[in-house]
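Student:
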Amino acid sequence: MSLVEETNAELGSPVVPLPPQPLGTEVTPPKKARSRGRLIWWRLTQTSRFWVGAVTIAVILAWALLGPLLYPYNATGRDPLNMGLGPTQLHWFGTNGIGQDLYAQTLVGLQKSLVIGLIAGPLGTLIAAVVGSVAGYMGGVVDRVLVWCINLLLVLPSFILLVILSPLFKGLSWVFLTVFIAGFSWMIMAQVVRSQTKSLRDRDFVKAARYMGVPMRKILGRHIIPNVASLLIIDATLGVVAAILAETSLSYFGFGIRAPDVSLGTLLAEGTSAAVTRPWLFVFPAGVLIVTLFAVSLIGDALRDAVDPTSGVNRD
Amino acid sequence: MAFYIFRRFVNYFFLSLIATCLAYVVSSLALDPAAKYYGRNPQPTQQTIDNILDGLGVNPNVPVLQRLWDWLVNLVVHGSLGTGVNGVSIGDQIISRAGVSLRLLLIGSLIGALVGVTLGVWGAVRQYKLSDQVVTYGSYLIFATPTFVIGVLLMIAATALNGAAGAQLINFTGEYSAGLSGSWWDLTLDRGVHLLLPTIALVLIGAAGYSRYQRSVMLDVLSADFIRTARAKGRSRNSALVRHGVRVALIPMSTFFAYSFGTLVSGSIMLEIVFSFHGMGEFALNAISQSDINAVAGTTLFVAILILFSSTLSEVLYAALDPRVRN
């Protein structure tokens, strides 16, 4: 999925020239031109997709944080009088075979999945930004080695690599799982950042900084990264989706989050065996997961259009 | 052109080879094949355990690079992938399972690519019309759904359908009905019915990705000058779109096909497990849970070869579509 967006974004130039500044005099300060960030924000707020996604995510975040406080049951306690029941007024999402409340479990799982996604997505983008900009800026041997490593990691599907690595983080906490997920989700974005950096490197403002003796670290931080920032923001947003998908898939097949931790993936794994006879055990966690990811994708899509409004306009 | 494709093939070949070696080293470090023997009661002597592990070539006391070298030599000289912890040759196990996986993967990815490209072109031509919006939001919905959830939801739907029809219309557990006997045609039909749901799931995943990409590429092509030229010299709209538009828009698709194949491989591995097929997915899962290093390496090699072929195929497609590459 991520490749679609990045290539899409790549088609248009991410470096939109600012509108010409009006020639103000020294006495009256010139009218400030609308900065690129504000322009993107303005375009973003014009799309309904963004608002639908943002409001949904805000509601889900608030629900995951406050929901457990407003609900009488917790995720581990059992209700022996109501075992294996469908949704009732008492247990909103029903109970599982040993009487645990599914609503409370879903909220706990949602918290865990959201935390993992919100950390791993941006972390992957950070790695992509560092590797991509260093490779593109330095060129030469460093570039070749890094590109080669990227291709190597791209050859094998990251799900399989994570499954092979899973015994390593078996005894460790979910934090390591998060780092591993981020560690295998940066490659394609790094390629995009690299190609952008290569074209930025020969622009005058970067050359000027270089000839003035500004060290590479500062050039990357001041000139290169800000110019690809919009791409990075999109990637971080969609990276959240990819990370949550990776976490739930790994947990579902028993390679990710393990008991006593609960995530949406482990809940879905437990619910699958009963998916046909007691569908609520599967349908509710799955629904919450899908709505969450769909809302984040809507924000990512709206961001992409706001950053690059000229791409994909049919002039036929 | 042949030289170009050969060069790309060699490049992918070395990448796959090194990826497999890397997977071998990583799995050797991550898995502990000796652990299960220590857990046995009565516990075998250290000498016995060492003998077993040496026989499999997975003794952790031998340096990992030495074992990797032995594994490679064994592969090149004898064409053997070693023996699994169950005592059966990995090569034989993979051969008996590969067919199941390849059938699902090939049918699913081909139909998925066809459906995706068609929907993408259609969506680009009818941009922002209702049909385009439905396809767009539908594909976002599929992106937001984990593969195994798609599989299980299809199972629930099939059960409801079977219940409504009052007969077992769609069988979905396993790869074929156990104990079924009949003519060749009956057996094939039975396998086809079992293949239906995982194939639908794989087609949905593939089509969602391809249609988004094809749509954006097609939109760029539609606004290109050569389409207007084709129209101006009197081609009909449909003819200009298909002969000049789709052909050009397919060029970047061939590269995207190679990139996305890995996603489809992991998708089909997950679907195999969900639908309890005895394919490579189950094999990989068992290999990890039994700490079978040779089996993990064999699985990785299998996947790497698949990726090698799909990447080369996409280069061939690229060269066939884009005359600039051929010279």
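As given, the protein sequences belong to chains Y and A, one line each in that order. If you use my numbering, the first sequence closes out at 492, no skipped numbers anywhere. If you use my numbering, the second sequence closes out at 604, no skipped numbers anywhere. Heads up, the beta-carbon is just placed ideally off N, CA and C, and yes, glycines get one too.
Out of curiosity, what's the CA-to-CA distance linking HIS471/A and MET432/A?
Tutor: Mapped onto the second sequence, residue 471/A falls at position 194. Mapped onto the second sequence, residue 432/A falls at position 155. HIS471/A and MET432/A: Cα-Cα distance of roughly 11 Å.
Student: Spell out whether any CB of chain Y is found under 8 Å from the CB atom of THR450/A.
Tutor: Locating residue 450/A in the second sequence gives position 173, counting from the first residue. No, THR450/A does not count as interfacial toward chain Y.
Student: Taking buried to mean at least 16 other C-beta atoms within 10 Å of its own C-beta, is SER406/Y buried or exposed?
Tutor: Residue numbering aside, residue 406/Y sits at position 230 when the first sequence is read from its first letter. Per the 10 Å Cβ criterion, buried.
Student: Using only the alpha-carbon positions, how far apart do ALA435/A and ILE447/A sit?
Tutor: Counting from 1 along the second sequence, the entry for residue 435/A is found at position 158. Counting from 1 along the second sequence, the entry for residue 447/A is found at position 170. Straight-line Cα distance between these residues: approximately 6 Å.
Student: Is the Cβ of ASN327/Y closer than 8 Å to any Cβ of chain A?
Tutor: Start at 1 with the first residue of the first sequence, and residue 327/Y comes out as number 151. So yes, ASN327/Y belongs to the interface.
Student: Go ahead and label VAL489/Y buried or exposed: buried means 16 or more other beta carbons lie within 10 angstroms of its beta carbon, across all protein chains shown.
Tutor: Here the question's residue 489/Y lines up with position 313 in the first sequence. Here VAL489/Y scores only 49 on pLDDT, less than 50, and its place in the model is too uncertain to base an answer on.
Student: Counting only beta-carbon atoms, is ILE274/Y nearer than 8 Å to chain A?
Tutor: Start at 1 with the first residue of the first sequence, and residue 274/Y comes out as number 98. Not one chain A Cβ lies under 8 Å of ILE274/Y.
Student: List the residues of chain Y whose Cβ lies closer than 7 Å to the Cβ of SER543/A, in chain order.
Tutor: In the second sequence, the residue the question calls residue 543/A occupies position 266. Simply PRO333, PHE335 and ILE336.
Student: What residues are listed by DSSP as bridge partners for ARG254/Y?
Tutor: As a position in the first sequence, residue 254/Y is number 78, starting the count at 1. Partner(s): GLN276/Y.
Student: Taking the alpha-carbon positions, what's the ALA390/A to ARG214/Y distance?
Tutor: Numbered from its first residue, the second sequence carries residue 390/A at position 113. Numbered from its first residue, the first sequence carries residue 214/Y at position 38. One C-alpha to the other measures close to 39 Å.
Student: Using a Cβ-Cβ distance under 8 Å, would SER473/Y count as near chain A?
Tutor: On the first sequence, residue 473/Y is found 297 positions in, with the first residue counted as 1. By this cut-off, SER473/Y is an interface position.
Student: Do you know offhand how far PHE560/A's Cα is from LEU583/A's?
Tutor: In the second sequence, the residue the question calls residue 560/A occupies position 283. In the second sequence, the residue the question calls residue 583/A occupies position 306. Roughly 16 Å between the two C-alpha positions.
Student: Taking only beta carbons into account, state which residues of the segment 395-416 of chain Y come closer than 8 Å to chain A, listed in chain order.
Tutor: Correct list: empty, as no residue qualifies.
Student: Run through the segment 335-413 of chain Y for me and flag every whole alpha helix (DSSP H) of 4 or more residues, listed as ranges in chain order.
Tutor: Those alpha helix (DSSP H) runs which fall completely within the segment 335-413 of chain Y and span 4+ residues are 350-359, 363-377, 380-387 and 392-395.
Student: Would PRO423/A count as contacting chain Y if we go by Cβ distances under 8 Å?
Tutor: As a working mapping, residue 423/A is identified with position 146 in the second sequence. Cβ-Cβ to chain Y under 8 Å: yes for PRO423/A.
Student: So, does the CB of VAL464/Y fall closer than 8 Å to a CB anywhere in chain A?
Tutor: Mapped onto the first sequence, residue 464/Y falls at position 288. With 8 Å as the cut-off, VAL464/Y does not count as an interface residue toward chain A.
Student: Going by the beta-carbon positions, is the gap between TYR313/Y and LEU443/Y smaller than 8 Å?
Tutor: If you number the first sequence from 1, residue 313/Y lands on position 137. If you number the first sequence from 1, residue 443/Y lands on position 267. It is not a contact, given that the beta carbons lie outside the stated cut-off.
Student: Do we get a CB-CB distance below 8 Å when we pair ALA300/A with the residues of chain Y?
Tutor: As a first step, residue 300/A must be located in the second sequence, where it is residue number 23. Yes, its Cβ sits closer than 8 Å to a Cβ of chain Y.
Student: According to DSSP, is SER357/A part of a helix, a strand, or is it coil?
Tutor: If you number the second sequence from 1, residue 357/A lands on position 80. Coil, per DSSP.
Student: Could you run through the segment 339-350 of chain Y and flag, in chain order, every residue whose CB is less than 8 Å away from some CB of chain A?
Tutor: Taking 8 Å as the Cβ-Cβ cut-off against chain A, the residues of the segment 339-350 of chain Y that qualify are VAL339, ILE340, LEU341, SER342, PRO343 and LEU344.
Student: Looking only at its chain, what residues have a beta carbon closer than 7 Å to the beta carbon of PHE420/A, apart from the 5 residues adjacent to it on each side?
Tutor: Sequence index remark: in the second sequence, residue 420/A carries index 143 (1-based). So the list reads ALA485, once near-sequence residues are dropped.
Student: Output, in chain order, the set of chain A residues within a Cβ distance shorter than 7 Å of ALA451/Y.
Tutor: The residue you call residue 451/Y lines up with position 275 of the first sequence. Ordered by position in chain A, the residues that pass the 7 Å Cβ test against ALA451/Y are VAL429, MET432 and ILE433.
Student: Determine the direct distance from the alpha carbon of ASP347/A to that of GLN323/A, and round the result to whole angstroms.
Tutor: Stepping through the second sequence from its first residue, residue 323/A is reached at position 46. Stepping through the second sequence from its first residue, residue 347/A is reached at position 70. Their Cα atoms are separated by approximately 23 Å.
Student: Exposed or buried, what is GLY200/Y when buried is set at 16 or more other beta-carbons lying within 10 Å of its beta-carbon?
Tutor: Counted from its first residue, the first sequence places residue 200/Y at position 24. Bear in mind that the predicted position of GLY200/Y carries a pLDDT of just 49, short of 50, making it too unreliable to give a figure here.
Student: Going by Cα to Cα distance, which pick from VAL365/A, PRO321/A and ALA535/A is closest to ALA311/A?
Tutor: Here residue 311/A refers to the residue found at position 34 when the second sequence is read from its first residue. Measuring from the Cα of ALA311/A, the nearest candidate turns out to be PRO321/A.
Student: Would you kindly work out how many angstroms separate the C-alpha atoms of VAL180/Y and THR532/A, rounded to a whole number?
Tutor: Within the first sequence, numbered from 1, the residue matching residue 180/Y stands at position 4. Within the second sequence, numbered from 1, the residue matching residue 532/A stands at position 255. Here the model assigns VAL180/Y a pLDDT of 42, short of 50, so the residue's position is not dependable and the matter cannot be decided.
Student: Please tell me whether LEU294/Y and VAL416/Y are closer than 8 Å, where the distance is taken between their beta carbons.
Tutor: Along the first sequence, read from residue 1 onward, the residue named residue 294/Y stands at position 118. Along the first sequence, read from residue 1 onward, the residue named residue 416/Y stands at position 240. Yes, these two residues count as a Cβ contact at 8 Å.
Student: If you reduce the DSSP assignment to three classes, tell me which class SER427/Y lands in.
Tutor: As a first step, residue 427/Y must be located in the first sequence, where it is residue number 251. Reduced to three states, the DSSP call for SER427/Y is helix.
Student: Helix, strand or coil: which one does DSSP assign to THR271/Y?
Tutor: Counting from one through the first sequence, the residue named residue 271/Y turns up at place 95. Strand.
Student: Short of 8 Å in beta carbon distance, which residues of its chain neighbour GLY415/A, apart from the five on each side in sequence? Order them along the chain.
Tutor: In the second sequence, the residue the question calls residue 415/A occupies position 138. So the qualifying residues of the chain are ALA485.
Student: Just to make sure I have the definition right: I need the residues of chain Y whose C-beta is within less than 7 Å of the C-beta of VAL303/A. Which are they?
Tutor: Mapped onto the second sequence, residue 303/A falls at position 26. Near VAL303/A (Cβ distances below 7 Å), the residues of chain Y are ILE340 and LEU341.
Student: If distances are taken between C-alpha atoms only, which option among LEU237/Y, GLY308/Y and ILE433/Y comes closest to ILE401/Y?
Tutor: Working through the first sequence from its first residue, we reach residue 401/Y at position 225. The candidate whose alpha carbon is nearest that of ILE401/Y is GLY308/Y.
Student: Show which residues of chain Y have a CB atom less than 8 Å away from the CB atom of TYR417/A.
Tutor: Translated into positions along the second sequence, residue 417/A becomes position 140. By Cβ distance, chain Y contributes PHE470, SER473, LEU474 and ASP477.
Student: Which partner residues does SER366/A have in the DSSP bridge list?
Tutor: In the second sequence, the residue the question calls residue 366/A occupies position 89. BP columns for SER366/A point to THR360/A.
Student: With C-beta atoms as the reference, is GLY385/A less than 8 Å away from LEU479/A?
Tutor: Reading the second sequence from its first residue, position 108 is the one you call residue 385/A. Reading the second sequence from its first residue, position 202 is the one you call residue 479/A. Taking 8 Å as the Cβ cut-off, GLY385/A and LEU479/A qualify as a contacting pair.
Student: Is the CB-CB distance between LEU345/A and VAL302/A below 8 Å?
Tutor: One-based indexing of the second sequence puts residue 345/A at position 68. One-based indexing of the second sequence puts residue 302/A at position 25. Cβ distance < 8 Å, so LEU345/A and VAL302/A count as in contact.
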